[in-house]
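S.K.: Have a look at this one before I ask anything.
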Amino acid sequence: MTKIRQVFLGTSLLFGIAFAFQVLAQEPAQPGERVLPDPNDPTAYTEKGADTCLKCHDEESEFPVFNIFKTRHAVRGDARTPFAKLQCETCHGPGGLDATATQAMRERGGHTAKVRKGEPRPPMLNFGAKSKDPVATQNKMCLQCHERQNRMDWQGSTHANNEVSCASCHSVHVPRDPVLTAAGQPDRCYACHLRQRADFHKPSVHPVRFGVMQCSECHSVHGSSTASLLKKPTLNQTCFQCHADKRGPFLWEHAPVAEDCSVCHLPHGSINPSLLVKRPPLLCQQCHSPAGHPSVSYTSAGLPGGTPSAYLLAGGCTNCHSQVHGSNHPSGVKLMR
Ligand code: HEC
Ligand code: HEC
Ligand code: HEC
Ligand code: HEC
Ligand code: HEC
Ligand code: HEC
Ligand code: HEC
Ligand code: HEC
Ligand code: HEC
Ligand code: HEC
2 MTKIRQVFLG TSLLFGIAFA FQVLAQEPAQ PGERVLPDPN DPTAYTEKGA
52 DTCLKCHDEE SEFPVFNIFK TRHAVRGDAR TPFAKLQCET CHGPGGLDAT
102 ATQAMRERGG HTAKVRKGEP RPPMLNFGAK SKDPVATQNK MCLQCHERQN
152 RMDWQGSTHA NNEVSCASCH SVHVPRDPVL TAAGQPDRCY ACHLRQRADF
202 HKPSVHPVRF GVMQCSECHS VHGSSTASLL KKPTLNQTCF QCHADKRGPF
252 LWEHAPVAED CSVCHLPHGS INPSLLVKRP PLLCQQCHSP AGHPSVSYTS
302 AGLPGGTPSA YLLAGGCTNC HSQVHGSNHP SGVKLMR
């Protein structure tokens, strides 16, 4: 612990940095929202930054904070990181005083001061489930640095509109954020998406459960202009990322394939083989009249209970029409070769 502390000992804060808090401070506050002071206000932020916080928050604390020094947020010499700015307070807001502080708090000197027994400690801005601050305020703290690139579509996205905080997916006080790993990501999502967890445990699935694939290979979780937060402009294009052979062009196309894979396939998991929404023949007979190819086991005389129709051998239309996604064979018009 002392080692890390030494690193920050004496790194007095640079009050001169004009910083994005100014932008934050200017926006009109919602009820219950903190008004964050100017980063140049010497009464608001602690003078010694992280060193002050680490006096009380160390490895023995209920919530060990040190691991953050093993993350990209604390890469030394990277001027873009929180530790090159107001350190812990870049994310957690001022440890001294902010505009929500009452007169009594002011007299006590804010979160970092000693409090008398039984007296509440003025709270810091916190994140995730335990936070009392509005989600929008929490997310603003992260967006001051992460608004561009993949968060371009965040505002107005499904997760933003449903008040999902950055911290409900991301952990920043751990060496490796689980949501950024194939093994750790699904559990983060399943915390809220229970139905999808059930889907991914069905017999036919995309191999997310085995750590081979991630939700984020198909979804842009920070926002997307496509329905269901898909990564590509259409559902089919999302599939073609990995199933390029189904894109064609085919000499003999099968109309529904070019239109929408989800006519026949579920994206996550299915009780039917090959992620199918239904099994053939019913799958096919949603569109194709059973008139030519009967759908029940009639005998050649047309009576039930006799020799099954050849068209229903093993219940499969694909036994004969094997090129259900399209054919490039000169005589593949019936999708049989
Ligand atoms: C990049 C932004 C960021 C920085 C920098 C940061 N934190 Fe945090 N902190 C968070 C988030 C987000 C959480 C919520 C838990 C999580 O995501 O790991 C949190 C949680 C905490 C908690 C736990 C609160 C609780 O609910 O029990 C404490 C204490 C804390 N941080 C202290 C610190 C200290 C001390 C520093 C500086 C050494 C620091 N933090 C730096 C973002 C940050
Ligand atoms: C004098 C000791 C002390 C100092 C200094 C201190 N904290 Fe705390 N902090 C606490 C205690 C104790 C709690 C537990 C909550 C409580 O008792 O109200 C806490 C809670 C927190 C929480 C959880 C949210 C809350 O307010 O309950 C965060 C986040 C936090 N501290 C961050 C910081 C940061 C960042 C700094 C440095 C600017 C800091 N603390 C400095 C004692 C301290
Ligand atoms: C002061 C600016 C700043 C703030 C505030 C900030 N970050 Fe970062 N963050 C960075 C920088 C810089 C990086 C490293 C980017 C890189 O290396 O390309 C980073 C990296 C990340 C990464 C990628 C980590 C990895 O291992 O690849 C995540 C996730 C992240 N931040 C989430 C958050 C969240 C959540 C918050 C709010 C609690 C937050 N950040 C607040 C500057 C910031
Ligand atoms: C629904 C879960 C979820 C939420 C909410 C979320 N993220 Fe992410 N984030 C992810 C996943 C998954 C990845 C890795 C894959 C990717 O980039 O799409 C990621 C990657 C990142 C990265 C590193 C790679 C990159 O895209 O630059 C940063 C930084 C980041 N998120 C910041 C944020 C911020 C800031 C917020 C809040 C405004 C946020 N995230 C909200 C799940 C989430
Ligand atoms: C804190 C809860 C929470 C977490 C964690 C979370 N989500 Fe969501 N997500 C929601 C809510 C709420 C909605 C909107 C209502 C709904 O569709 O269920 C949503 C919607 C979605 C949608 C559908 C969007 C649409 O337009 O229909 C997708 C896709 C999605 N989330 C993917 C993910 C992925 C992938 C992860 C993990 C990286 C994740 N979510 C983590 C709460 C969460
Ligand atoms: C192979 C690509 C793919 C993967 C991997 C994937 N999804 Fe999806 N997801 C989709 C598609 C496509 C849709 C849209 C379905 C539709 O509109 O018919 C969708 C829809 C959703 C929805 C909206 C509701 C619904 O079920 O239609 C949620 C929520 C969701 N996915 C969450 C997740 C989560 C969580 C994971 C990871 C555990 C995940 N997805 C992995 C492709 C994928
Ligand atoms: C990120 C790559 C990726 C994307 C995107 C993707 N898939 Fe897959 N798909 C896979 C992998 C990997 C498998 C498993 C292959 C195996 O087990 O041999 C698979 C298997 C399948 C299977 C066969 C499942 C089984 O049980 O045999 C179907 C059907 C399928 N995908 C359809 C789709 C559809 C539809 C989409 C678009 C919504 C899609 N895939 C998007 C990678 C992807
Ligand atoms: C008309 C229904 C239908 C549509 C639409 C459809 N598929 Fe299929 N797909 C099937 C059937 C049926 C099977 C099983 C084939 C078998 O049993 O031989 C299958 C199997 C698969 C497989 C696993 C076996 C293989 O051929 O690799 C993948 C991957 C696949 N489909 C991807 C896609 C993609 C991607 C799309 C959209 C471009 C799509 N499918 C559209 C009916 C369809
Ligand atoms: C969503 C509706 C839909 C579904 C489901 C569907 N098809 Fe088709 N199929 C079509 C359409 C539309 C055509 C083009 C019709 C035409 O050209 O007369 C077609 C054409 C065909 C053809 C070529 C017909 C010809 O006269 O050239 C065959 C064979 C075929 N489908 C077999 C299947 C099989 C086998 C399945 C099940 C795995 C299936 N279809 C599922 C809509 C569908
Ligand atoms: C035993 C092989 C076989 C099976 C099984 C089979 N078909 Fe066919 N199907 C054919 C042949 C051969 C043709 C071409 C008939 C012709 O040219 O007169 C055909 C033609 C078609 C056509 C084109 C329309 C037409 O009458 O020419 C459609 C659509 C079709 N089948 C759908 C299906 C569906 C749906 C199933 C499952 C219920 C199915 N087939 C099962 C052999 C089969």
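Numbering of the sequence shown is given in this note's numbering, commencing with residue 2 and proceeding in unit increments.
Using N, Cα and C, we set each Cβ at its ideal position, and we do this for glycine too.
1. Counting pairs of Cβ atoms below 8 Å between the segment 197–214 and the segment 267–287, do you hit three or more?
2. Please determine whether the Cβ atom of Gln-324 lies at a distance below 6 Å from any heavy atom of ligand 9.
3. Counting along the chain, where does the alpha helix (DSSP H) carrying Asn-1 start and finish?
4. Can you tell me which of the three DSSP states Ser-62 falls into?
5. Indicate the three-state DSSP secondary structure (helix, strand or coil) for Ser-328 in the structure shown.
6. So, using beta-carbon positions, are Thr-113 and Gly-96 closer together than 7 Å?
7. Ligand 10 and Lys-279: does any heavy atom of the ligand fall closer than 6 Å to the residue's C-beta?
8. Three-state secondary structure (DSSP) at Ser-205?
9. Kindly indicate the opening and closing residues of the alpha helix (DSSP H) around Val-258.
10. Which stretch, first to last residue, makes up the alpha helix (DSSP H) that contains Ala-137?
11. Compute every distance between the C-beta of Arg-248 and the non-hydrogen atoms of ligand 2, then say whether any falls below 6 Å.
12. When we look at the beta-carbon of Thr-47 and count the other beta-carbons within 10 Å, is it buried (16 or more) or exposed?
13. Name the residue from His-147, Ser-166 and Cys-54 whose alpha carbon lies nearest to the alpha carbon of Ser-132.
14. What are the boundary residues of the alpha helix (DSSP H) that Thr-91 is part of?
15. Under the criterion of a Cβ to heavy atom distance below 6 Å, does Pro-257 qualify as lining ligand 9?
16. What span of residues does the alpha helix (DSSP H) with His-376 cover, start to end?
17. To which residues of the same chain is Phe-251 closer than 7 Å at the C-beta, ignoring the five residues directly before and after it?
18. Can you pull every residue whose C-beta falls closer than 7 Å to some heavy atom of ligand 7, listed in chain order?
19. With DSSP run on the structure shown, which of helix, strand or coil describes Leu-336?
20. If you draw a straight line from the alpha carbon of Glu-61 to that of Val-175, how long is it in whole angstroms?
21. So, is Glu-260 buried or exposed, given that buried needs 16 or more other C-beta atoms within 10 angstroms?
22. Would the C-beta of Trp-155 count as close to ligand 4, meaning under 6 Å from any of its heavy atoms?
23. With DSSP as the reference, label Leu-267 as helix, strand or coil.
24. What does DSSP give as the partner residue(s) for Leu-231 in the beta ladder?
25. Who are the near neighbours of Tyr-191 in its chain, counting only those whose CB is closer than 8 Å to its CB and skipping five residues on each side?
26. Assign Asp-79 to buried or exposed, taking buried as 16 or more other Cβ atoms, counted over all protein chains shown, within 10 Å of its Cβ.
27. Compare the Cα-Cα distances from Leu-37 to each of Ala-85, Asp-246, Cys-92 and His-58 and report the closest residue.
28. Tell me Trp-1's beta-bridge partners as DSSP assigns them.
29. Are there any heavy atoms of ligand 8 lying less than 6 Å away from the beta-carbon of Thr-227, as far as the coordinates show?
30. In whole angstroms, what separates the C-alpha of Ser-225 from that of Ala-75?
31. The alpha helix (DSSP H) spanning Gln-197 covers which residue range?
32. For Leu-339, write down the residues that DSSP places opposite it in a beta bridge.
33. From Ala-245 to His-294, what does the alpha carbon distance come to, in whole angstroms?
34. Measuring straight from C-alpha to C-alpha, what distance separates Arg-73 and Lys-49?
35. Whose CA, out of Ser-323, Phe-241, Gly-333 and Val-173, lies closest to the CA of Pro-83?
36. Does the distance between the C-beta of Cys-143 and the nearest non-hydrogen atom of ligand 5 fall short of 6 Å?
M.R.: Let me lay it out:
1. Judged by Cβ distances under 8 Å, the segment 197–214 makes contact with the segment 267–287, as three or more pairs qualify.
2. Gln-324 Cβ: outside cutoff for every heavy atom of ligand 9.
3. No statement about residue 1 is possible, as the shown extent of the chain runs from 2 to 338 and does not include it.
4. Looking at Ser-62 - three-state DSSP - the assignment turns out to be coil, as it is neither helix nor strand.
5. Strand, per DSSP.
6. For Thr-113 and Gly-96, yes; Cβs fall inside 7 Å.
7. Because no heavy atom of ligand 10 lies under 6 Å away, the Cβ of Lys-279 does not count as near it: no.
8. In the structure shown, Ser-205 sits in a strand (DSSP, three-state: E or B).
9. Unbroken alpha helix (DSSP H) run through Val-258: 256–260.
10. Its alpha helix (DSSP H) spans residues 136–147.
11. Incorrect: Arg-248 has no Cβ contact closer than 6 Å to ligand 2.
12. Note on Thr-47: 16 or more other CB atoms within 10 angstroms of its CB, so buried under the neighbour-count rule.
13. Considering only alpha carbons, the answer is Ser-166.
14. Per DSSP, Thr-91 belongs to the alpha helix (DSSP H) from 89–93.
15. Pro-257 Cβ: within cutoff of ligand 9.
16. Absent from the structure is residue 376, since the part of the chain shown begins at 2 and ends at 338.
17. Closer than 7 Å at Cβ, skipping near neighbours: Gly-327, Ser-328 and Asn-329.
18. That query returns the following residues: Ser-205, Val-206, His-207, Pro-208, Val-213, Met-214, Glu-218, Cys-219, Leu-236, Thr-239, Cys-240, Gln-242, Cys-243, His-244, Cys-262, Ser-263, His-266, Pro-268, Pro-274, Ser-275 and Leu-276.
19. Three-state DSSP puts Leu-336 in coil, outside helix and strand.
20. Glu-61 and Val-175 have their alpha carbons spaced roughly 16 Å apart.
21. Glu-260 should be labelled exposed.
22. Correct: Trp-155 has its Cβ closer than 6 Å to ligand 4.
23. In the structure shown, Leu-267 falls within a coil segment according to DSSP collapsed to helix, strand and coil.
24. DSSP output for Leu-231 lists His-220 as bridge partner(s).
25. For Tyr-191, where only same-chain residues beyond five positions count, the Cβ hits under 8 Å are Gln-197 and Arg-198.
26. Exposed, since its Cβ has fewer than 16 Cβ neighbours within 10 Å.
27. In terms of CA proximity to Leu-37, Cys-92 leads the group Ala-85, Asp-246, Cys-92 and His-58.
28. The question about residue 1 has no answer, for the chain in this structure spans 2 to 338.
29. Thr-227 Cβ: outside cutoff for every heavy atom of ligand 8.
30. When only Cα atoms are considered, Ser-225 and Ala-75 end up about 30 Å apart.
31. Here the alpha helix (DSSP H) through Gln-197 covers 195–200.
32. Past the edges of the chain, shown from 2 to 338, lies residue 339, and the structure says nothing about it.
33. C-alpha separation (whole angstroms): 31 Å.
34. Cα-Cα distance, rounded: 21 Å.
35. Measuring from the Cα of Pro-83, the nearest candidate turns out to be Val-173.
36. No, Cβ of Cys-143 sits at least 6 Å from all heavy atoms of ligand 5.
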